[in-house]
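Participant: Pasting a structure here, questions to come.
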Amino acid sequence: MHTRRSAMLAGAAFCAAPMVRAQGNVPFRFALTPVFLDNDAAVISALRTALAEAMASEIELVQRRTYQEITGALLDGSVDAAWTCGYPYLQHRDQLSLLGVPVWRGAPLYQSYLIVAADDDAASLADLKGGTHAFSDPDSNSGCLVTASDLARIGASPDGFFSRSIFTYGHRNVVRAVAGGLTRSGSVDGYVWEVLNSVEPDLTARTRVISRSEELGFPPFVARSDRMEEIRITACMAALQGLATADKGQEVLRLLFLDAVVPANRALFDGIAVRMAALAGG
Amino acid sequence: MIAMQPFRNMPVTLRVPLITAALMIVLGLVASQSVLGALDRVQDARMSETARLHVEGLSVALGPSVLRQDVWEVYDILDRARQASDGQRLLLTVVADERGLVLAATDPRRAPVGVDAAAFGDGAVAPEAVRMTGDPVLRVSAPLQYQGRTVGGIVTELDVTDLLAERWQMTLWLLLGNAMATALLAFGGWLAVAHILRPVGALAQAMDASGGAPRPIPTAEIPHGDPGLARLIETYNQMTTAVEERAEAERRLADRERFVSLGRLSSALAHEVNNPLGGLLNTADTIRTYADRPDVVRQSAELMQRGLAHLRDVTRAMLDQNRLDRAGQVLRPEDFEDLRLLFEPEAHRRNLALAWEVQAGAAALTSQPAAPVRQVALNLLLNAAAAAGPNGQVGLRVSNDMDRLCILVSNTGSAMSEADLRRLLASGPLPPGGGVGLRLVHDIVSELGGTLHHDRADGRTMIRVALPMMGVGHA
Chain A
332 MHTRRSAMLA
342 GAAFCAAPMV
352 RAQGNVPFRF
362 ALTPVFLDND
372 AAVISALRTA
382 LAEAMASEIE
392 LVQRRTYQEI
402 TGALLDGSVD
412 AAWTCGYPYL
422 QHRDQLSLLG
432 VPVWRGAPLY
442 QSYLIVAADD
452 DAASLADLKG
462 GTHAFSDPDS
472 NSGCLVTASD
482 LARIGASPDG
492 FFSRSIFTYG
502 HRNVVRAVAG
512 GLTRSGSVDG
522 YVWEVLNSVE
532 PDLTARTRVI
542 SRSEELGFPP
552 FVARSDRMEE
562 IRITACMAAL
572 QGLATADKGQ
582 EVLRLLFLDA
592 VVPANRALFD
602 GIAVRMAALA
612 GG
Chain B
150 MIAMQPFRNM
160 PVTLRVPLIT
170 AALMIVLGLV
180 ASQSVLGALD
190 RVQDARMSET
200 ARLHVEGLSV
210 ALGPSVLRQD
220 VWEVYDILDR
230 ARQASDGQRL
240 LLTVVADERG
250 LVLAATDPRR
260 APVGVDAAAF
270 GDGAVAPEAV
280 RMTGDPVLRV
290 SAPLQYQGRT
300 VGGIVTELDV
310 TDLLAERWQM
320 TLWLLLGNAM
330 ATALLAFGGW
340 LAVAHILRPV
350 GALAQAMDAS
360 GGAPRPIPTA
370 EIPHGDPGLA
380 RLIETYNQMT
390 TAVEERAEAE
400 RRLADRERFV
410 SLGRLSSALA
420 HEVNNPLGGL
430 LNTADTIRTY
440 ADRPDVVRQS
450 AELMQRGLAH
460 LRDVTRAMLD
470 QNRLDRAGQV
480 LRPEDFEDLR
490 LLFEPEAHRR
500 NLALAWEVQA
510 GAAALTSQPA
520 APVRQVALNL
530 LLNAAAAAGP
540 NGQVGLRVSN
550 DMDRLCILVS
560 NTGSAMSEAD
570 LRRLLASGPL
580 PPGGGVGLRL
590 VHDIVSELGG
600 TLHHDRADGR
610 TMIRVALPMM
620 GVGHA
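Going line by line, the protein sequences match chains A and B. Under my numbering, the first residue of the first sequence carries the number 332, and numbering increases by one thereafter. Under my numbering, the first residue of the second sequence carries the number 150, and numbering increases by one thereafter.
The structure is reproduced here in structure tokens:
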């Protein structure tokens, strides 16, 4: 029996060996959006190196323009894991699971900022009526949902409230659009604006924050729920959550101005869910 | 023509460099114009190429975004293009959609989204037609083509301040360079021409030197490298020798003229000596015959004394006229007495009536040297006697006013010939034939600073000599 089991295991191992070898050769595909820090080659390179080291696997970082593309790729299996936003995560909460949430300034939370040009005298969202507005992505919580839900609460929609609204598909682009005068106001990720305020103070100096949202769940790392048991996915989860303890991981976190990546549950994103309900008219 | 007069009066050593400088300035202007023209063309081509590449590049990049009316994408492309070009040349680029409304611009504050883009296209030209107009900002417009159709338009403002500055700087350098080159060449031209014309200057100096008495140029100073000039100077040197020889000949002729005038008087003077001699011989016979009669002897001795005194006066006058050592002696009334003594026998011989009048005071006479004035008066009297003809009349009148001594010699003969008048009044070369007596009068009067006047009235020829009273001492 023992022999038979051993033989079966050996046979299985023999059959599985090429698969394992084949799996080992396929790079782990990790998706990012430029919604965060726009094409920062140093960040991308450091992240790839840190994950590759931690997972002992080759990492392919896949960049897409929109959250929708990322979510689509994640769901159809084109990518294995992704750093996305709380809003698309909640939109597909049945199919997606959390791998971890970054900690920024001591908590896995951030805010959405409403910004205008530095010389604009608007004081609140109401003052921006009839102006042009820049959103980052239709599926971004801080770059769209917050402002859209605020408008929904007063019975307005972006198209009706603003003379024209555009999507820049990047929080940094929102800041550029407002700073350059392309639009009067913009909805931007508070974390991105603060990081830009440190690294590109000339850019943010041309903008002014007129309102900040409540604190909401920080954009999480996610994977498909049905693949959560896969070794590579668990390895990825471990690698992400171990960034703060690995040398290369710390370097990535330093570049991203983050403290760590921690485990989280869905309740962290309840605030976003409330806003989704508000937008839906609930 | 009047304006040209001062230029014509300039020395040739100044005129030639000035002409060189003027030609250099003209050349400099033409060259500068040509360089600036070339620069213009280069700048135009550069601007046209810049505009064309800019518009073409943007057309390719912007096409899909404009078609989708994607404001952010259009702005993003424009903004990155602006940053890539340092924002130096491209001041503003406006992209309009099919309806002519602004889709995005590099400076959305100047060209907000949705406004009419036509205002930005004022004065805009196609990229290939861009020319430097002097305006620091040029506008270029072009349709935005994508997939074979026009989906919008681009208007770009190009900043050409640097090119204008470059052109201005180039103009300045050209002007400065040309001015310096012109000055340098003009100075070089002046030096060269001055060097070339140095022998001519030396020639002019030699001709002007020592009050009209030209002196020859030393052989060492003759530029043998220039055959034309060398021949000119050699010819001049030969001329100076000829002039010296002529002056020497005239001087000898003048000396001889004194003897000539005496020679002309010789037959009359011979009579003047001979006549008293006859009387003296008769008186000697009378004394011999009436030696015992003291009253007759005494009377005869007195006669002899008077005759001998006359002979003594005549010979003294002749000696005075001939003496060469009279230089420095001043004119006295006695000089005119001597002249009369010498001339009267000639007048008698020719059967002429003589009107002799010396009114001038001794003070006026002593202001003149004796020898030249006597020579002038005697020559004029001899000519008057010859011209008066038989039974004519010859007159001498010496008078003075405040500052002049006047000697008027007149005769009743025929008028003076043209040749004689030229001898007397003009300084030109002597007409052929005839003596030099009248010319001598002219030269002496000129030397004394006086003037000669000829007049003919009532059948009488009058020669008036006016000599300024300016002290004694003329030789």
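We put the CB at the ideal spot given by N, CA and C, even for glycine.
Measuring CB atoms only, is the segment 536-544 of chain A touching the segment 389-408 of chain A, in the sense that at least three cross pairs come out at less than 8 Å?
Facilitator: no
Participant: Please state whether DSSP places B:Q218 in a helix, a strand or coil.
Facilitator: Taking the second sequence and counting its residues from 1, the one referred to as residue 218 of chain B is at position 69. B:Q218 sits in coil when the DSSP states are folded into three classes, being neither helix nor strand.
Participant: If you run the structure through DSSP and keep just helix, strand and coil, what is A:L421?
Facilitator: The residue you call residue 421 of chain A lines up with position 90 of the first sequence. Helix.
Participant: Hey, could you find the ends of the alpha helix (DSSP H) A:F552 is sitting in?
Facilitator: In the first sequence, the residue the question calls residue 552 of chain A occupies position 221. Here A:F552 belongs to no alpha helix (DSSP H); instead the beta strand (DSSP E) covers F552 to R555.
Participant: Name, in chain order, the residues that DSSP records as bridge partners for B:M565.
Facilitator: By one-based count along the second sequence, residue 565 of chain B stands at place 416. For B:M565, which the question treats as bridged, DSSP gives no partner whatsoever.
Participant: Identify the contact partners of A:A575 in chain B, using a Cβ-Cβ distance below 8 Å as the criterion.
Facilitator: As a working note, residue 575 of chain A is residue 244 in the first sequence. Chain B residues near A:A575: none, gap ~35 Å exceeds 8 Å.
Participant: Who does A:G432 pair with in a DSSP beta bridge?
Facilitator: To locate residue 432 of chain A, count along the first sequence from 1; it is residue 101. A small fix is needed here, since residue 432 of chain A is Val in this sequence, not Gly. Bridge partners of A:V432: A:V593.
Participant: Is DSSP giving A:G403 helix, strand or coil here?
Facilitator: Here residue 403 of chain A refers to the residue found at position 72 of the first sequence. In the structure shown, A:G403 sits in a helix (DSSP, three-state: H, G or I).
Participant: Residues of chain A with a CB under 7 Å from the CB of B:P257: which are they?
Facilitator: Within the second sequence, numbered from 1, the residue matching residue 257 of chain B stands at position 108. Those are G511, G512 and L513, listed as they occur along chain A.
Participant: Whose CA, out of B:D607, B:D569 and B:E486, lies closest to the CA of B:Q542?
Facilitator: Within the second sequence, the letter at position 393 stands for residue 542 of chain B. Of the listed residues, the one whose Cα sits closest to B:Q542 is B:D607.
Participant: With distances taken from CA atoms, which of B:S416, B:E421 and B:L188 is nearest B:T320?
Facilitator: In the second sequence, the residue the question calls residue 320 of chain B occupies position 171. It is B:L188.
Participant: Check this for me: beta carbons of B:D225 and B:T255, under 8 Å apart or not?
Facilitator: Taking the second sequence and counting its residues from 1, one reaches residue 225 of chain B at position 76. Taking the second sequence and counting its residues from 1, one reaches residue 255 of chain B at position 106. Taking the C-beta atoms as reference points, B:T255 is found no nearer than 8 Å to B:D225.
Participant: Quick one: Cα of B:W339 to Cα of B:P160, how far?
Facilitator: Within the second sequence, the letter at position 190 stands for residue 339 of chain B. Within the second sequence, the letter at position 11 stands for residue 160 of chain B. Computed Cα separation, rounded: 11 Å.
Participant: Establish whether the CB of A:A598 and some CB of chain B are separated by less than 8 Å.
Facilitator: Along the first sequence, read from residue 1 onward, the residue named residue 598 of chain A stands at position 267. For A:A598, no Cβ of chain B is located within less than 8 Å of the residue's own Cβ.
Participant: What would DSSP say about A:F359, mapped onto helix, strand or coil?
Facilitator: The residue labelled residue 359 of chain A in the question sits at position 28 within the first sequence. Note: A:F359 maps to strand in three-state DSSP.
Participant: When the distance is taken between beta carbons, is B:I366 closer than 8 Å to B:A379?
Facilitator: Looking up residue 379 of chain B in the second sequence gives position 230. Looking up residue 366 of chain B in the second sequence gives position 217. In this structure, B:I366 does not lie closer than 8 Å to B:A379 by Cβ.
Participant: Could you tell me whether the Cβ atoms of A:D490 and A:L456 are closer together than 8 Å?
Facilitator: The residue labelled residue 490 of chain A in the question sits at position 159 within the first sequence. The residue labelled residue 456 of chain A in the question sits at position 125 within the first sequence. No; because the gap between Cβ atoms is not below 8 Å, this pair is not in contact.
Participant: Between the alpha carbons of B:S706 and B:I371, how many angstroms are there, rounded?
Facilitator: No answer is possible for residue 706 of chain B: the residues shown for chain B start at 150 and end at 624.
Participant: With 16 as the cutoff for other CB atoms within 10 Å, does A:S516 come out buried or exposed?
Facilitator: As a first step, residue 516 of chain A is located in the first sequence; it is residue number 185 there, counting from the start. Buried: at least 16 other Cβ atoms inside 10 Å.
Participant: Go through its chain and collect everything with a Cβ distance to A:R352's Cβ below 8 Å, but skip five positions before and after it.
Facilitator: Locating residue 352 of chain A in the first sequence gives position 21, counting from the first residue. Because A:R352 sits at a pLDDT of 41, beneath the cut-off of 50, its placement in the model cannot be relied upon, and the point is left open.
Participant: Exposed or buried, B:F269, counting other C-beta atoms within 10 Å across all chains shown (16 or more means buried)?
Facilitator: Sequence index remark: in the second sequence, residue 269 of chain B carries index 120 (1-based). B:F269 should be labelled buried.
Participant: At a CB-CB cut-off below 8 Å, which residues of chain B make contact with A:I446?
Facilitator: Counting from 1 along the first sequence, the entry for residue 446 of chain A is found at position 115. Near A:I446 there are no residues of chain B at all, since even the closest Cβ is about 15 Å away, more than 8 Å.
Participant: Once the 5 residues before and after B:A504 are set aside, which same chain residues still bring their CB inside 6 Å of it?
Facilitator: Reading the second sequence from its first residue, position 355 is the one you call residue 504 of chain B. Cβ within range, chain order: G544.
Participant: When you compare the CB positions of A:D468 and A:F493, do they come within less than 8 Å of one another, or not?
Facilitator: For the purposes of this step, residue 468 of chain A is taken as the residue at position 137 of the first sequence. For the purposes of this step, residue 493 of chain A is taken as the residue at position 162 of the first sequence. It is not a contact, given that the beta carbons lie outside the stated cut-off.
Participant: For B:A452, I'd like the list of residues in its chain whose CB is within less than 6 Å of its CB, leaving aside the five on either flank, ordered along the chain.
Facilitator: Your numbering for residue 452 of chain B matches position 303 in the second sequence. Residue identity check: residue 452 of chain B is Leu in the sequence provided, not Ala. Excluding sequence neighbours, B:L452 sits near T432.
Participant: Can you tell me the Cβ-Cβ gap for A:G580 and A:L440, rounded? I've got them flagged as a contact below 8 Å.
Facilitator: Walking along the first sequence from the start, residue 580 of chain A turns up at place 249. Walking along the first sequence from the start, residue 440 of chain A turns up at place 109. Wrong, their Cβ atoms sit about 21 Å apart, outside the cutoff.
Participant: Check the DSSP bridge columns for B:C555 and list the partner residues they point to.
Facilitator: Taking the first residue of the second sequence as 1, we reach residue 555 of chain B at position 406. The partner list for B:C555 (beta bridge, DSSP) reads B:S548 and B:A615.
Participant: In the DSSP assignment, find the alpha helix (DSSP H) that holds A:G408 and state where it starts and stops.
Facilitator: The sequence position of residue 408 of chain A within the first sequence is 77, counting from 1. Segment: none, A:G408 is in no alpha helix (DSSP H) and carries neither H nor E.
Participant: Would B:D183 be called buried (16 or more neighbouring beta carbons within 10 Å of its own) or exposed?
Facilitator: Counting from 1 along the second sequence, the entry for residue 183 of chain B is found at position 34. One detail in the question is off: residue 183 of chain B reads as Ser in this sequence, not Asp. B:S183 is exposed by the Cβ-count criterion.
Participant: DSSP has B:W505 in a bridge; who is on the other side?
Facilitator: Your numbering for residue 505 of chain B matches position 356 in the second sequence. Paired residue(s): B:L545.
Participant: Tell me the DSSP bridge mates of B:P348?
Facilitator: Numbered from 1 along the second sequence, position 199 holds the residue referred to as residue 348 of chain B. Per DSSP, B:P348 has no beta bridge partner at all.
Participant: Suppose you measure from the CA of B:A200 to the CA of B:L313; what does that come to, to the nearest Å?
Facilitator: The count along the second sequence starts at 1 and reaches residue 200 of chain B at position 51. The count along the second sequence starts at 1 and reaches residue 313 of chain B at position 164. B:A200 and B:L313: Cα-Cα distance of roughly 17 Å.
Participant: Closer than 8 Å by C-beta to B:L239: which residues in its own chain qualify, once you throw out the five before and the five after it? Chain order, please.
Facilitator: What you label residue 239 of chain B is simply residue 90 of the second sequence in a count that begins at 1. Only H203, A230, R231, T255, T305, E306, L307 and D308 meet the Cβ criterion.
Participant: For A:G602 and B:P257, what's the separation of their Cα atoms in angstroms?
Facilitator: Taking the first sequence and counting its residues from 1, the one referred to as residue 602 of chain A is at position 271. Taking the second sequence and counting its residues from 1, the one referred to as residue 257 of chain B is at position 108. Rounded to the nearest angstrom, the two C-alpha atoms are 36 Å apart.
Participant: With DSSP collapsed to three states, give me the class of A:Q354.
Facilitator: Looking up residue 354 of chain A in the first sequence gives position 23. Unreliable positioning characterises A:Q354 in this predicted model, as indicated by a pLDDT of 49, which lies under 50. A coordinate reading is not provided.
Participant: Let me make sure I understand the geometry here. Which of B:A440, B:E394 and B:A458 has the alpha-carbon closest to that of B:E421?
Facilitator: Along the second sequence, read from residue 1 onward, the residue named residue 421 of chain B stands at position 272. The residue with the shortest Cα to Cα distance from B:E421 is B:A458.
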